[in-house]
Amino acid sequence: MAALPPRRRGRFEILCRAFVAQFFASESVTSAMQLRRAMAGPLAFLLVPALFMPLQMVTTFEAAAVRFPQMLEPLTRLMATVFIMYSMVAVGVIAGVMWDSLSFDRRDAMVLGPLPLGASTVITAKIAAMAMLLLLVSLSISLMTGVPFALVAGNHKSAADVVRHFVAHMAATLTAATFVYCLLVTLRALVGGVSGRHVALASVLRFLLFSGLLCFIVFAPTALNVTYGGRRRPTTLQMQTIPGWSPTNWFLGLHEWIRGTPGAEWDGGARRAIGFTAAVIVSAVATTTAGYRRQLQRALAPSADAGVHGGARLQRAIARLMLGRDQLARATADFVLATIVRNGSQQATIAINAAIGLMLIVGALLRTTGDAAPIIRPRTAVLWIPLVLVYWIGIGLRAAFFMPSDLPASWTFRFNGPLRASAFWAGTRAAAIGFMVPLALVADALLVPLLGFRAAAWHAAIVVAVALAIAEAAALTVDFVPFTRPYEPGHARLKTRWPLYAIGLYVCAFVPARAALHAAGDPAAGARIAETALVVAAALEIAGWWRSRKWQIDPAEEFGGESEIAVLDIGLVVPGALQQ
Amino acid sequence: MLGVHRLTKHYGALVAIHDVSFEARPGEVLGLLGPNGSGKSTTVKILTGLLRPTSGEVHLDGADAFDDLEAYKALLGYVPEEPHLYTYLTGPEYLRLVGRLRQLREAALDDKIERFLQLLGIWDDRYQTLSSYSKGMRQKILIAAAVLHNPRIVILDEPFSGLDVSAARVLKGFVRALADEGKIVVFSSHVLEVVEQVCSRVVILKDGRIVGHDSVANLRATLQLPSLDAVFASLVAEERVEERTLGLLAAMRA
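Protein chains in written order, with this note's numbering: chain A, 13 to 592; chain B, 780 to 1033.
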């Protein structure tokens, strides 16, 4: 049999493959790839429990359905809502991670513009690649949740009902995922045109999406709870009520409509789900198309960009206040703050960590009863809100220091700066304080509607003191100018370090919150807190100056040398042989 | 005087430069010439202190430059071959970063930056981040950053790459003026016409070794050749030029 000639790939297929590859790889620098891998770890870490949690709830659902057969329908609807929510959140988080590749950028236009490719081919290929990503993610999520849920929920009915339930589940979760994904694609294409602000917007969005996922992990187990009473007390069933405004109700309507549940609210919900999803699909296609044309124009006329004007003014002012006329320290502080303010990678790291803080806050608040009364009085779960946020922002800031930014440009420091200077430490510390303090005040302002201005203002002193200590500690644990070293694979040792983070949370958030609670009516206790804060600050300051003597800019060998060769050859070069 | 004595650099088994020695004197522009892979960039990076040699020394006024690298670097200005810059900073922000790292006075620094940006024709783009700058604009920023602190030694690696004709003409004059000011200028380039116009003496490298080292006029006279281009072709001996040209045409048509 004659061998078939190799198939020639069409332009569309080649482009589509390239766009799909863009989601998972970066051709810029190795460290960006390592960064992506570093982000994939926590993502898997978060998505897997988020997946198992609803699956685990299936057993609770089964128990509740057996004990309370009359509640089967409301229970089914609650579970469907949980799965719809998971589908929306998970797809949202994936889209958040792939944010930069969700639309065309100037580089796409510069590379593809001169090639003999029609705009329609490029745009269709991009849309097809994005659709493939959506399908890959949402289909796997929906199948993994849909099969067990349909089997359990349909167990009480006929086989036809099982199939119908499965179809309803797939349709509702896929439509919900499509809605969120297309909304984010639209947003990405729109903010791509907002110069200078899209990085900040992306970070806020990532923070919200990660918070959504983490809050889901906390919220999901509380949605359904069966308390077995035994002989004396009756078995009770607790179900969270989903607010009427929640968009999940639209998709629940679709779910119920397909299942054939009678009711005008389901029909209305189904219509809204289909209508809104169709609208966002159209808007995603339209904005993506417009985005490519805009990037083509930008590639031709880059100066039309409005440019950046300053940025991080308050943070820089705080840093300068601390540094006086020390030029080297000011250079470092301004560099650190500009890098954080203008880079998505650094902001994403901080945003993800802040989201962990938000999850803990929500988790602590959910432990109380449903009404709002317990959170509008001073108590630990309330007073620690800004402290937890500040602590996790600090953790994120420190982690961001290790994320390189424009690494090849770090020769600027190596060539122009002194090799050793405590000013680098002073600049980094001032930048960390300048970054943390305004955020600490914003976090503390969250308490104003709960406790009133006076109590929040009093608490602000403690929050700022803790923020200062965390910033000092963050600067204390690095010994190089942030962002100027390659990311070390395996740097974030979460598996072994989580007890340290837990102890840190206890010391930085729980202890100060408890102390603030006790000091509320006791001026002497307030004075003791102030004394402790001063002692800690002084100790960190001394430790910082001592540590700063070890700070250094990497000496020569930037562009290659023995160390680089040794890494590239992994074991093939005998250490020491190079010096011979 | 900047002296390079028996400089050798190995990257594992690869010998980048071998036994390279030359001197660069105040008031002259020393050209470094050579084809790709000849060791020009390695030599330049060792001269700037960004790379340590495997053996050999760099002397400034008789003292080993690597003994007090910080003091040596304080006297250097350097334009690298690749315009690696912090792309999210604006031109003035980058220059301010360099100026502060060089610990220049704030008021003088701002004034200098403004004058450089205006003279180099990038004042209107001062609010743009470097990511939106063209290669020529980035090159201008690098040149400004290299001389911001009025260095004693200026090392330029392909400094005119990406510059338009008029900017290149201005900067050629600037390079000569730097030498006239008594500075030591090392100029590495592929562009022979520019080297011929700008440099007083040239060092020609091939496969990491010096194959020619003299003034342009002496090299021409010694080899009895009409131009630096012919001298370069004779010393570096680019082989099978015609055969390779035809090969390229054939590859294009395939």
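Heads up, the beta-carbon is just placed ideally off N, CA and C, and yes, glycines get one too.
Taking C-beta to C-beta, are ILE135(A) and TYR304(A) nearer than 7 Å?
Residue mapping note: residue 135(A) aligns to position 123 of the first sequence, counting from 1. Residue mapping note: residue 304(A) aligns to position 292 of the first sequence, counting from 1. Cβ atoms of ILE135(A) and TYR304(A): closer than 7 Å.
Since LEU335(A) meets chain B, which of its residues come closer than 9 Å, beta carbon to beta carbon?
For this step, residue 335(A) is matched to residue 323 along the first sequence. Here the premise fails: no neighbours, minimum Cβ distance about 11 Å.
Which one of LEU488(A), VAL374(A), PRO160(A), LEU529(A) has the shortest CA to CA distance from ALA549(A)?
Translated into positions along the first sequence, residue 549(A) becomes position 537. The candidate whose alpha carbon is nearest that of ALA549(A) is LEU488(A).
With a threshold of 6 Å on Cβ separation, who are the neighbours of ALA795(B) within its own chain once the five nearest residues in sequence on each side are excluded?
By 1-based counting over the second sequence, the position of residue 795(B) is 16. A distance below 6 Å between beta-carbons, with the five flanking residues on each side excluded, links ALA795(B) to the following residues of its chain, in chain order: LYS788, GLY818, THR821, GLY987.
DSSP three-state call for ALA318(A): helix, strand or coil?
By 1-based counting over the first sequence, the position of residue 318(A) is 306. No answer about ALA318(A) holds up, because its pLDDT of 49 lies below 50 and its placement is not dependable.
Length of the line joining the Cα atoms of LEU395(A) and PHE414(A):
Locating residue 395(A) in the first sequence gives position 383, where the first residue counts as 1. Locating residue 414(A) in the first sequence gives position 402, where the first residue counts as 1. Each residue's alpha carbon lies about 31 Å from the other.
Tell me whether ALA433(A) sits in a helix, a strand or coil according to DSSP, three-state version.
Translated into the one-based positions of the first sequence, residue 433(A) becomes position 421. Coil at ALA433(A), not helix or strand.
Just verifying my parser: in three-state terms, what is the DSSP assignment at GLU570(A)?
Position 558 of the first sequence, counting from 1, holds the residue named residue 570(A). Confidence is the limiting factor: at GLU570(A) the pLDDT is only 44, short of 50, which leaves the residue's position unreliable, though a coordinate-based value still follows. Looking at GLU570(A) - three-state DSSP - the assignment turns out to be coil, as it is neither helix nor strand.
Is the beta carbon of LEU848(B) sitting closer than 7 Å to the one on ILE932(B)?
Counting from 1 along the second sequence, the entry for residue 848(B) is found at position 69. Counting from 1 along the second sequence, the entry for residue 932(B) is found at position 153. No, the Cβ-Cβ distance between LEU848(B) and ILE932(B) is not below 7 Å.
Presumed contact (8 Å Cβ cut-off) between GLY408(A) and ILE373(A), rounded CB distance
Here residue 408(A) is taken as the residue at index 396 of the first sequence, counted from 1. Here residue 373(A) is taken as the residue at index 361 of the first sequence, counted from 1. In this structure GLY408(A) is not in contact with ILE373(A), their Cβ atoms being roughly 15 Å apart against a cut-off of 8 Å.
Would you call the stretch 336-346 of chain A in contact with the stretch 428-443 of chain A, where contact means no fewer than 3 C-beta pairs closer than 8 Å?
Result yes; three or more Cβ-Cβ pairs closer than 8 Å.
Just to make sure I have the definition right: I need the residues of chain B whose C-beta is within less than 9 Å of the C-beta of GLN339(A). Which are they?
Residue mapping note: residue 339(A) aligns to position 327 of the first sequence, counting from 1. Here the neighbours are GLY878, ARG879, LEU880, ARG881, GLN882, LEU883, ARG884, GLU885, LEU888.
For SER994(B), name the three-state secondary structure that DSSP assigns.
Your numbering for residue 994(B) matches position 215 in the second sequence. In this structure, SER994(B) counts as strand in the three-state DSSP scheme.
Strictly under 7 Å for the Cβ-Cβ distance: is PRO420(A) near chain B by that measure?
Here residue 420(A) refers to the residue found at position 408 of the first sequence. With 7 Å as the cut-off, PRO420(A) counts as an interface residue toward chain B.
Suppose contacts are defined by Cβ-Cβ distances below 7 Å. Is GLY446(A) in contact with ALA331(A) by that definition?
If you number the first sequence from 1, residue 446(A) lands on position 434. If you number the first sequence from 1, residue 331(A) lands on position 319. Against a cut-off of 7 Å, the Cβ pair of ALA331(A) and GLY446(A) comes out as a contact.
If I'm right that THR187(A) touches THR289(A) with Cβ under 8 Å, what's the distance once you round it to whole angstroms?
Within the first sequence, residue 187(A) is the residue found at index 175, counting from 1. Within the first sequence, residue 289(A) is the residue found at index 277, counting from 1. At roughly 5 Å, the Cβ-Cβ gap stays under 8 Å, so THR187(A) and THR289(A) are in contact.
Does any C-beta atom of chain A lie closer than 7 Å to the C-beta of THR822(B)?
For the purposes of this step, residue 822(B) is taken as residue 43 along the second sequence, with counting starting at 1. So no, THR822(B) is outside the interface.
Helix, strand or coil at GLN882(B) [DSSP, three-state]
Taking the second sequence and counting its residues from 1, one reaches residue 882(B) at position 103. The three-state reading of DSSP puts GLN882(B) in coil, since its state is none of H, G, I, E or B.
Enumerate, from N- to C-terminal direction, the unbroken alpha helix (DSSP H) stretches of 4 or more residues contained entirely within the stretch 897-975 of chain B.
For the stretch 897-975 of chain B, whole alpha helix (DSSP H) runs of length 4 or above, ordered along the chain, are 914-926, 944-959.
Scan the stretch 122-156 of chain A for residues whose Cβ lies nearer than 7 Å to a Cβ of chain B and list them as they occur along the chain.
If the cut-off is 7 Å between Cβ atoms, the stretch 122-156 of chain A has nothing near chain B.
Check whether chain B comes within 7 Å of ARG354(A), counting only Cβ atoms and requiring the distance to be less than that.
Residue 354(A) sits at position 342 when you count from the first residue of the first sequence. Closer than 7 Å to some Cβ of chain B, the Cβ of ARG354(A) qualifies, so yes.
Does GLU849(B) come within less than 7 Å of chain A when only Cβ atoms are used?
Position 70 of the second sequence, counting from 1, holds the residue named residue 849(B). Closer than 7 Å: yes.
The ligand GTP and ALA102(A): does any heavy atom of the ligand fall closer than 6 Å to the residue's C-beta?
Ligands in the displayed structure: none, and consequently the ligand GTP is not present.
Leaving aside the five residues before and after THR133(A) along the sequence, list all residues of the same chain whose C-beta is less than 8 Å from its C-beta, in chain order.
Counted from its first residue, the first sequence places residue 133(A) at position 121. Here the set comprises ARG23, PHE24, LEU27.
Same chain only: Cβ atoms within 8 Å of GLU1021(B), ignoring 5 sequence neighbours per side:
Taking the first residue of the second sequence as position 1, residue 1021(B) is located at position 242. Counting only Cβ-Cβ distances below 8 Å, and skipping sequence neighbours, we find nothing.
TYR344(A) - containing alpha helix (DSSP H), residue span
In the first sequence, the residue the question calls residue 344(A) occupies position 332. It is worth fixing the name first, because residue 344(A) is Thr in this sequence and not Tyr. Segment 339-354, the alpha helix (DSSP H) holding THR344(A).
Hey, quick one: how far does the beta strand (DSSP E) through HIS789(B) stretch, first residue to last?
What you label residue 789(B) is simply residue 10 of the second sequence in a count that begins at 1. Where HIS789(B) is concerned, the enclosing beta strand (DSSP E) stretches over 781-790.
For chain A, find out if any of its Cβ atoms is closer than 7 Å to the Cβ of THR787(B); answer yes or no.
Here residue 787(B) refers to the residue found at position 8 when the second sequence is read from its first residue. Closer than 7 Å: no.
Simplified DSSP state of VAL238(A), which is helix, strand or coil:
By one-based count along the first sequence, residue 238(A) stands at place 226. Three-state DSSP puts VAL238(A) in a strand.
If we require 4 or more residues per run, which alpha helix (DSSP H) segments fall completely within the stretch 816-852 of chain B?
Counting only runs of 4+ residues, the alpha helix (DSSP H) found wholly inside the stretch 816-852 of chain B occupies 819-826, in chain order.
Let me confirm a value: SER170(A) is counted as buried when at least 16 other C-beta atoms fall within 10 Å, else exposed. Which label applies?
For the purposes of this step, residue 170(A) is taken as the residue at position 158 of the first sequence. Answer is exposed; the Cβ neighbour count stays below 16.
Output yes or no for whether 7 Å exceeds the beta carbon distance between GLY323(A) and VAL192(A).
Taking the first sequence and counting its residues from 1, the one referred to as residue 323(A) is at position 311. Taking the first sequence and counting its residues from 1, the one referred to as residue 192(A) is at position 180. Not closer than 7 Å, so no.
Starting from the beta carbon of ASN428(A), find every residue of chain B whose beta carbon is closer than 7 Å, and list them in chain order.
Residue numbering aside, residue 428(A) sits at position 416 when the first sequence is read from its first letter. Within chain B, the residues near ASN428(A) are VAL877, LEU880, ARG881.
Quick check on the burial criterion: 16 or more other C-beta atoms within 10 angstroms. Buried or exposed for TYR912(B)?
Walking along the second sequence from the start, residue 912(B) turns up at place 133. So TYR912(B) counts as buried.
Tell me, please, whether the CB atom of THR866(B) is closer than 7 Å to any CB atom in chain A?
Counted from its first residue, the second sequence places residue 866(B) at position 87. Taking Cβ atoms only, chain A reaches closer than 7 Å to THR866(B), which makes this a yes.
Cα-Cα separation, SER994(B) to VAL808(B):
As a first step, residue 994(B) is located in the second sequence; it is residue number 215 there, counting from the start. As a first step, residue 808(B) is located in the second sequence; it is residue number 29 there, counting from the start. One C-alpha to the other measures close to 10 Å.
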